[in-house]
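In UniProt numbering, the protein residues as written are 1 to 72.
Written below as structure tokens is the structure these notes are about.
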């Protein structure tokens, strides 16, 4: 059950990393845009950081994306 709770978050993190790379944005550039440290972006992308939903929304927004949540 613990893995199921993390799965959507990990999917969002994976998509953030993919979009960042597609847009040729460095971790440092994204961190500056999001008002955080590069180390937080690095830890986020490597799965060593359990971010809040607000943080994920802010980072996604800096990439021109929005997060949609569905309950099934």
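Note that CB positions come from ideal geometry on N, CA and C, so glycine has one too.
These numbers were taken from a predicted model, which means no experiment stands behind them.
Could you give the DSSP three-state label for residue i: helix, strand or coil?
i          : result
residue 63 : coil
residue 71 : coil
residue 57 : helix
residue 25 : coil
residue 52 : coil
residue 37 : coil
Can the beta-carbon of residue i be found closer than 9 Å to that of residue j?
i          : j          : result
residue 30 : residue 41 : yes
residue 73 : residue 20 : There is no way to answer for residue 73, as the model of the chain reaches only from 1 to 72.
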